[in-house]
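Student: The following block contains the structure, expressed as structure tokens.
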Amino acid sequence: MSDLKREAWLLGRSRAALAALLLLFLCAGAGVALGLATVSRDRAAIDRMLAGQPAEESALAAFVDDAGYGAYYGFQPTWNPPSDLAFAALGNRDIAPTMLRIRALALEGQIYENEAANPELALPGRFDLAFVVVYLAPLVLIALLHDLWSGEREAGRLYALQATPAARRHIWGPRIVVRAGGVLAVLLVPFAVGAAITGTSPLRALAFAGIIVLACLFWTAVALLVARRGNSSAVNAASLAALWFALTLVAPAAAGLAINAGVTVPDGAALARENREDVHAGWDRPRDATMQRFLALYPQHAPGSALPPTFHWKWYFAFQHLGDLHVASASKAYRDGIARRADLARAAGWLLPPAGLSQAMARLARTDVAAQLAYQQRIRAYHTRLREFYYDYLFSEKPFGPADLATVPRFDPAGGM
Amino acid sequence: MPTPPLFIADLVVERGDKRIVDGLSLSLAPGEIYALLGGNGAGKSTTLFAILGFLERQGGSLTVGGVDVAANPDAVRRQVAYLPENVALYDHLTARENVDYFLKVAGCPRSRADVDAGFEGVGLAAAAWDERAARFSKGMRQKTAIALALLRETPLMLLDEPTSGLDPAAAGDFHRLLETLGRRGVAVLMVTHDLLGAADTADRIGLIQAGRIAREWTASPTVPRFDLNALHSGFASAR
Ligand SMILES: Nc1ncnc2c1ncn2[C@@H]1O[C@H](COP(=O)(O)OP(=O)(O)OP(=O)(O)O)[C@@H](O)[C@H]1O
Ligand SMILES: [Mg+2]
Chain A
167 MSDLKREAWL
177 LGRSRAALAA
187 LLLLFLCAGA
197 GVALGLATVS
207 RDRAAIDRML
217 AGQPAEESAL
227 AAFVDDAGYG
237 AYYGFQPTWN
247 PPSDLAFAAL
257 GNRDIAPTML
267 RIRALALEGQ
277 IYENEAANPE
287 LALPGRFDLA
297 FVVVYLAPLV
307 LIALLHDLWS
317 GEREAGRLYA
327 LQATPAARRH
337 IWGPRIVVRA
347 GGVLAVLLVP
357 FAVGAAITGT
367 SPLRALAFAG
377 IIVLACLFWT
387 AVALLVARRG
397 NSSAVNAASL
407 AALWFALTLV
417 APAAAGLAIN
427 AGVTVPDGAA
437 LARENREDVH
447 AGWDRPRDAT
457 MQRFLALYPQ
467 HAPGSALPPT
477 FHWKWYFAFQ
487 HLGDLHVASA
497 SKAYRDGIAR
507 RADLARAAGW
517 LLPPAGLSQA
527 MARLARTDVA
537 AQLAYQQRIR
547 AYHTRLREFY
557 YDYLFSEKPF
567 GPADLATVPR
577 FDPAGGM
Chain B
37 MPTPPLFIAD
47 LVVERGDKRI
57 VDGLSLSLAP
67 GEIYALLGGN
77 GAGKSTTLFA
87 ILGFLERQGG
97 SLTVGGVDVA
107 ANPDAVRRQV
117 AYLPENVALY
127 DHLTARENVD
137 YFLKVAGCPR
147 SRADVDAGFE
157 GVGLAAAAWD
167 ERAARFSKGM
177 RQKTAIALAL
187 LRETPLMLLD
197 EPTSGLDPAA
207 AGDFHRLLET
217 LGRRGVAVLM
227 VTHDLLGAAD
237 TADRIGLIQA
247 GRIAREWTAS
257 PTVPRFDLNA
267 LHSGFASAR
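Chains as they are written, first to last, in this note's numbering: chain A, 167 to 583; chain B, 37 to 275.
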């Protein structure tokens, strides 16, 4: 304990070390603050969407006297609420939609309309705490540890220090603990504040903190392995900078490129277009053929399926659904491709600890690709319930009024698939 | 017979593929001051490194207070205060902070009054005690480091060129200080190039050559303690 106190005191007397730690502290604090702001902006947008829903529904109730109108005009909110750790690792939340208002029309186009980017292997993304942990903290650890021994040797103090009894236990050990611990502290304090503000569950906060600890341990170990080799401080610093560059930037980017080249994923926008074009083509297809294909899927609706000579919503919604089926396999290929890329990226993460740790943070924060795909699947499940709710009215000619509008199935963000 | 503070017999130390120390024998009794002289690169500092366990020995025996350094370097280092050949302090710390830090590292913190007395003893001007070492002259650094070594209060001191950088008056003070240490029973092994200084204080003077003590002189109880002419010609012949 007194050794730790003494070494902490010595570290505190070094202006350069303090400046590095202060800078990292400010970065971590800024990362947490930006994360909190992003999350609360997301929450506010979701709240706004939900708050606007009753007004929209009462407007709808004023003119809807038919299930077809209800299904056609009735937008329903779906949303993927930020987890209690999202503030620390925004992950894909900024590129993937976190809320979507959907209708009982063909769904795939509605989903993929917003799909812009394919998630990559932990390329530097948003400035958040995870970014600071993965990219900046290693640099400070390297700065504080690369010359642990060489610095003393070059200053001429090494012999005097080594001549003291049990230098390893009394000097080097405590010195490493204090320096790595200092880095850890300036990361964990802002995180703890962010978790307290968010009300993160203690266990999950602890798990996330554990990943931060692992990241620091990894770079401490790397820095010490290099520092021990007996080279000069300049050589150590250069080697470690090169390692940092290779491990956090080059290798993950190369792995990401290789994975993306190796696993092809259908273009989401093209999929949306295909979906819409097939739906449009539905207008011109023989109505009977459309209904037959639809009834093969929903035989229970056969009794009420006879079409009047004029337009009827049941035909309209039948070819909407067939439009989804038309791209179902491409949509699955898309999801499988994204999931496969994510799996490969995770496997690569075992070889590239910085990338692996950043994935682990996003996974825990539920801001990763898997969480995004899970949200999409919840939308699909909900869309099915929504469609089938309206089919019951459309095919039974049950009257539909404002009271029925109130019983429309609601999206459950927690799952309920 | 009490265990000697330092006992070296037939010591062999190699650095790289060079045999630097080759059959060196040297023992100190409590309170004895031994001056080790020799040309540049003769192996004086290397001998001190071997005593501290920085370098492995390839032969012979070496104990400090009866403890073999190869078996238990920490027990040895606890008994030894070491003044390195090139004193370096933490420049951003004051003299007092440096001494406090190194004493704590060695596990023997001292009171402020003790440190003051230590500084006084080596003649470090009081104005410098709380000044950053970055502004120190070589002699001031040397004095700080000597004070530090003395404050350790170990039974054995290894001093590598302690008077280098000291002005003549300070060197004289230092030699008086050594004598009081000797009287307190501290054994001192001092590497030096200062023949006169050695003759002034040492109980024995050894000349290291070809990796061993080639010549040795013992002080006579009467003045002059050493025959300076004999010392000089001894050194001249050693080159
Ligand atoms: N790190 C090293 N590796 C290999 N050989 C070394 C190393 N350091 C010193 N030597 C060699 O060991 C020999 C003895 O060096 P040492 O420092 O013990 O001399 P010294 O007697 O203290 O000399 P000086 O009076 O110049 O201080 C020299 O020949 C030197 O070249
Ligand atoms: Mg030397």
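Built from N, CA and C at the ideal position, the CB exists for glycine as well.
1. Thinking just about the alpha-carbon of each residue, which of ASP450(A), ALA547(A), MET265(A) and ALA186(A) is nearest to the one in LEU311(A)?
2. Of the choices LEU271(A), ALA358(A) and VAL344(A), whose alpha-carbon is the least far from that of ALA199(A)?
3. How about ILE337(A) and LEU327(A): do their beta carbons lie closer than 7 Å?
4. Sort out for me which residues DSSP pairs PHE43(B) with in a bridge.
5. Would DSSP call TRP165(B) helix, strand or coil?
6. Which whole-angstrom value describes the C-beta separation of GLY67(B) and ALA223(B), a residue pair presumed to lie in contact below a C-beta threshold of 8 Å?
7. Candidates ALA185(B), ASN265(B), LEU98(B) and ALA170(B): which alpha carbon is nearest ASP136(B)'s?
8. Any chance the CB of SER331(B) is under 6 Å from a heavy atom of ligand 2?
9. With hydrogens ignored, establish whether the beta-carbon of GLU121(B) is closer than 6 Å to any heavy atom of ligand 2.
10. Pull out every residue of the region 172-186 of chain A whose Cβ sits closer than 7 Å to any Cβ of chain B, in chain order.
11. Who are the Cβ neighbours of SER405(A) in its own chain at under 7 Å, not counting the five residues just before and after it?
12. Do LEU307(A) and VAL349(A) have their CB atoms nearer than 7 Å?
13. Count the other C-beta atoms from every protein chain shown that fall within 10 angstroms of the C-beta of PHE229(A), then say buried if there are 16 or more, exposed otherwise.
14. May I ask whether a heavy atom of ligand 1 can be found less than 6 Å away from the beta carbon of ARG507(A)?
15. Just to confirm my understanding: we take VAL300(A), look at its own chain, exclude 5 residues before and 5 after, and list those with CB closer than 6 Å. What are they?
16. Which whole-angstrom value describes the C-beta separation of LEU64(B) and PRO41(B), a residue pair presumed to lie in contact below a C-beta threshold of 8 Å?
17. Hey, would you say PRO356(A) sits closer than 7 Å to GLY178(A), going by beta carbons?
18. Which of the residues in the region 335-359 of chain A, read from start to end, lie with their CB under 7 Å from any CB of chain B?
19. Taking 7 Å as the CB-CB cut-off, is THR414(A) touching chain B?
20. Under 7 Å between beta-carbons, which chain B residues line up against GLY503(A)? List them in chain order, please.
21. At a Cβ threshold of 7 Å, is ALA309(A) touching chain B?
22. For ASP231(A), which option in TYR559(A), SER495(A) and PRO575(A) has the closest C-alpha, if you only look at C-alpha atoms?
23. Quick check: what's the CA-CA separation for ARG453(A) versus ASP490(A)?
24. Is ASN76(B) close to ligand 1? I mean its beta-carbon at under 6 Å from any heavy atom of the ligand.
25. Report the residues of the region 69-96 of chain B with a CB closer than 7 Å to any CB of chain A, ordered along the chain.
26. CB ALA234(B) to CB ILE241(B), shorter than 7 Å?
27. If the cut is a Cβ gap below 7 Å, which residues of chain B does ALA196(A) touch?
28. Mapping the DSSP letters down to three states, classify GLU68(B) as helix, strand or coil.
29. List the endpoints of the continuous alpha helix (DSSP H) containing GLY208(B).
30. Determine, using beta carbons only, whether ARG394(A) comes closer than 7 Å to chain B.
31. What would DSSP say about GLY143(B), mapped onto helix, strand or coil?
32. Hey, does ALA185(B) have any beta-carbon neighbour from chain A nearer than 7 Å?
33. Using the DSSP secondary-structure output, state which residues sit across from PRO418(A) in a beta bridge.
34. Cutting at 6 Å between CB atoms, please list the residues of its own chain near ARG442(A), excluding the five before and the five after it.
35. Per DSSP, GLU50(B) is paired with what?
Tutor: The structure says:
1. Position 145 of the first sequence, counting from 1, holds the residue named residue 311(A). When each option's Cα is compared against that of LEU311(A), the closest is ALA186(A).
2. The residue labelled residue 199(A) in the question sits at position 33 within the first sequence. Taking only the C-alpha atoms, the option nearest ALA199(A) is ALA358(A).
3. For this step, residue 337(A) is matched to residue 171 along the first sequence. For this step, residue 327(A) is matched to residue 161 along the first sequence. Between ILE337(A) and LEU327(A), the CB-CB gap stays under 7 Å.
4. Walking along the second sequence from the start, residue 43(B) turns up at place 7. In the DSSP output, where bridge partners are listed per residue, PHE43(B) has SER63(B) and THR99(B).
5. The count along the second sequence starts at 1 and reaches residue 165(B) at position 129. Of the three classes helix, strand and coil, the one that applies to TRP165(B) here is coil, per DSSP.
6. In the second sequence, the residue the question calls residue 67(B) occupies position 31. In the second sequence, the residue the question calls residue 223(B) occupies position 187. Indeed, because the Cβ distance is near 6 Å, the residues count as touching under 8 Å.
7. As a first step, residue 136(B) is located in the second sequence; it is residue number 100 there, counting from the start. The residue with the shortest Cα to Cα distance from ASP136(B) is ALA185(B).
8. Only positions 37 to 275 of chain B appear in the structure, and residue 331(B) is not among them; the question remains open.
9. Within the second sequence, the letter at position 85 stands for residue 121(B). Yes, the beta carbon of GLU121(B) sits closer than 6 Å to at least one heavy atom of ligand 2.
10. ARG172, LEU176, ARG179 and SER180
11. Indexing the first sequence from 1 puts residue 405(A) at position 239. Cβ neighbours of SER405(A) beyond the five flanking positions: VAL392.
12. In the first sequence, counting from the first residue as 1, residue 307(A) sits at position 141. In the first sequence, counting from the first residue as 1, residue 349(A) sits at position 183. In contact: LEU307(A) and VAL349(A) (Cβ atoms closer than 7 Å).
13. The residue labelled residue 229(A) in the question sits at position 63 within the first sequence. By the 10 Å Cβ count, PHE229(A) comes out exposed.
14. Numbered from its first residue, the first sequence carries residue 507(A) at position 341. Flag unset: Cβ of ARG507(A) not near ligand 1.
15. Against the first sequence, residue 300(A) aligns to sequence position 134. Contacts found: PRO520 and SER524.
16. Residue numbering aside, residue 64(B) sits at position 28 when the second sequence is read from its first letter. Residue numbering aside, residue 41(B) sits at position 5 when the second sequence is read from its first letter. The pair is a contact, with the Cβ atoms about 5 Å apart (cut-off 8 Å).
17. Translated into the one-based positions of the first sequence, residue 356(A) becomes position 190. Translated into the one-based positions of the first sequence, residue 178(A) becomes position 12. No.
18. HIS336 and ILE337
19. Looking up residue 414(A) in the first sequence gives position 248. Closer than 7 Å: no.
20. Numbered from 1 along the first sequence, position 337 holds the residue referred to as residue 503(A). In chain order: nothing, as chain B lies at least about 57 Å away.
21. Position 143 of the first sequence holds residue 309(A). No Cβ of chain B is located within less than 7 Å of the beta carbon of ALA309(A).
22. Here residue 231(A) is taken as the residue at index 65 of the first sequence, counted from 1. Ranking the options by Cα distance to ASP231(A), first place goes to TYR559(A).
23. Indexing the first sequence from 1 puts residue 453(A) at position 287. Indexing the first sequence from 1 puts residue 490(A) at position 324. Distance between the alpha carbons of ARG453(A) and ASP490(A) is about 17 Å.
24. Position 40 of the second sequence, counted from the start, is the residue given in the question as residue 76(B). Because some heavy atom of ligand 1 lies under 6 Å away, the Cβ of ASN76(B) counts as near it: yes.
25. Those would be LEU88 and PHE90, in chain order.
26. For the purposes of this step, residue 234(B) is taken as the residue at position 198 of the second sequence. For the purposes of this step, residue 241(B) is taken as the residue at position 205 of the second sequence. Yes, these two residues count as a Cβ contact at 7 Å.
27. Working through the first sequence from its first residue, we reach residue 196(A) at position 30. By Cβ distance, chain B contributes nothing, its closest Cβ being about 29 Å from ALA196(A), past 7 Å.
28. Within the second sequence, the letter at position 32 stands for residue 68(B). It is coil, neither helix nor strand.
29. Position 172 of the second sequence holds residue 208(B). Segment 204-219, the alpha helix (DSSP H) holding GLY208(B).
30. Within the first sequence, numbered from 1, the residue matching residue 394(A) stands at position 228. No, no contact with chain B.
31. Here residue 143(B) refers to the residue found at position 107 when the second sequence is read from its first residue. GLY143(B) falls in the coil class under three-state DSSP.
32. Locating residue 185(B) in the second sequence gives position 149, where the first residue counts as 1. For ALA185(B), the answer is no, since every Cβ of chain A falls outside 7 Å of its Cβ.
33. As a position in the first sequence, residue 418(A) is number 252, starting the count at 1. Paired residue(s): none; PRO418(A) is not in a bridge.
34. Translated into the one-based positions of the first sequence, residue 442(A) becomes position 276. Answer for ARG442(A): GLY275, listed in chain order.
35. Numbered from its first residue, the second sequence carries residue 50(B) at position 14. Within the DSSP bridge table, the entry for GLU50(B) names ARG55(B) as partners.
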